[in-house]
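Protein chains in written order, with the numbering used here: chain A, 1 to 184; chain B, 1001 to 1100. All C-beta atoms in this analysis are idealised placements derived from N, C-alpha and C, irrespective of residue type, glycine included. One structure is given here, and the rest of the page talks about it.
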Ligand SMILES: [Zn+2]
């Protein structure tokens, strides 16, 4: 990590006429890999894990996104992590799987504003409009693996590893300024 | 930039999300200790180098993370097909016919 600690506090990092980039508050992130029958896991989580790549599901504050066949990322408030881990531990004997707490590994940028989707094209080669509102995808942003959550037409979240965060942040900030300069 | 169809995501996505992973359908001998040196050498090192259709592995690294197989024309870079890992080798004449 080569950014000062204060830069990882939740805050607006940049806001222009084009878009706004903020850092989301920290939360629990759990990486889940499981195959076979999902119902026992669904019961433990209290949520139906989506089985199509890119689809999401939510139950209260717990959110799940399907990243690949047999792979999901779970987001929840920090306090809920222990509860989720122990609920899943109870079904481990019948449903072996991998559930790893990766909360400390990643950070989330919240990107919104009228030209948010266009801002993402600065680093994403894939068509942003191929991601429907309410879905998400793991993709690459300027070579960095990120998980993009599309919460609205012009509202996104981007999860990336801490070690890449300063680079991603810098690029997003440049993009926000460039797009705003264009509109003048 | 190449556009590659991931059979797991069922989406056609930019090349930068993928990595190349060598020749496909290379099968490890079930009992290595009973193979001859030359069979073992062939398994480890000897690869095809065709001018034309090549059966190869790719990985959707910045995506679903899965390895899958593809048939790519090494001259035109055109992908004739992609298919899930473990699926049988598709017949080449069918692919070429379909690509016309
Ligand atoms: Zn994929």
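Option in the options with minimal Cα separation from residue i
i, options, result
"residue 118 of chain A", "A:42, A:36, A:141 and A:97", "A:141"
"residue 958 of chain B", "B:1065, B:1014 and B:1024", "Only positions 1001 to 1100 of chain B appear in this structure, which leaves residue 958 of chain B out of reach."
"residue 180 of chain A", "A:125, A:95, A:165 and A:116", "A:116"
"residue 66 of chain A", "A:51, A:79, A:110 and A:38", "A:51"
"residue 25 of chain A", "A:59, A:56 and A:109", "A:109"
"residue 100 of chain A", "A:84, A:94 and A:107", "A:84"
"residue 37 of chain A", "A:171, A:177 and A:48", "A:48"
"residue 102 of chain A", "A:23, A:33 and A:94", "A:33"
"residue 1014 of chain B", "B:1063, B:1043 and B:1080", "B:1063"
"residue 1008 of chain B", "B:1036, B:1029, B:1047 and B:1085", "B:1085"
Secondary structure of residue i, DSSP reduced to three states
i, result
"residue 1005 of chain B", "strand"
"residue 1016 of chain B", "helix"
"residue 1062 of chain B", "coil"
"residue 1091 of chain B", "coil"
"residue 147 of chain A", "strand"
"residue 1033 of chain B", "helix"
"residue 97 of chain A", "strand"
"residue 86 of chain A", "helix"
"residue 174 of chain A", "helix"
"residue 1045 of chain B", "coil"
"residue 11 of chain A", "strand"
"residue 59 of chain A", "strand"
"residue 1025 of chain B", "coil"
"residue 32 of chain A", "strand"
"residue 155 of chain A", "strand"
"residue 47 of chain A", "coil"
"residue 110 of chain A", "strand"
"residue 38 of chain A", "coil"
"residue 1072 of chain B", "strand"
"residue 103 of chain A", "coil"
"residue 52 of chain A", "coil"
"residue 1056 of chain B", "strand"
"residue 122 of chain A", "coil"
"residue 1098 of chain B", "helix"
"residue 116 of chain A", "helix"
Close-in-space but distant-in-sequence residues of the same chain around residue i (CB under 7 angstroms, 5 per side omitted)
i, result
"residue 113 of chain A", "18, 19, 20 and 154"
Outcome for residue i when other beta-carbon atoms lying within 10 angstroms are tallied against a minimum of 16
i, result
"residue 1002 of chain B", "exposed"
"residue 1040 of chain B", "exposed"
"residue 1045 of chain B", "exposed"
"residue 1060 of chain B", "buried"
"residue 126 of chain A", "buried"
"residue 1069 of chain B", "buried"
"residue 16 of chain A", "buried"
"residue 170 of chain A", "exposed"
"residue 168 of chain A", "buried"
"residue 71 of chain A", "buried"
Contacts around residue i, its chain only, beta-carbon distance under 6 angstroms, and the 5 residues preceding and following it disregarded
i, result
"residue 1012 of chain B", "1003 and 1005"
"residue 138 of chain A", "67 and 147"
"residue 164 of chain A", "144"
"residue 107 of chain A", "162 and 165"
"residue 59 of chain A", "46 and 47"
Cut-off 8 angstroms between Cβ atoms - residues of its own chain near residue i, not counting five sequence neighbours on either side
i, result
"residue 1021 of chain B", "1056, 1057, 1058, 1059 and 1067"
"residue 229 of chain A", "It is not possible to answer for residue 229 of chain A, since the shown part of chain A is limited to 1 through 184."
"residue 1019 of chain B", "1058, 1059 and 1061"
Check: residue i C-beta below 7 angstroms from any heavy atom of ligand 3
i, result
"residue 60 of chain A", "Ligands in the displayed structure: ligand 1; ligand 3 is not one of them."
Notebook entry, point to check: Under a criterion of Cβ closer than 5 angstroms to any non-hydrogen atom of ligand 1, which residues qualify, in chain order?
Noted result: Near ligand 1, meaning a Cβ closer than 5 angstroms to any of its heavy atoms, lie the following residues in chain order: B:1006, B:1008, B:1009, B:1060, B:1063 and B:1064.
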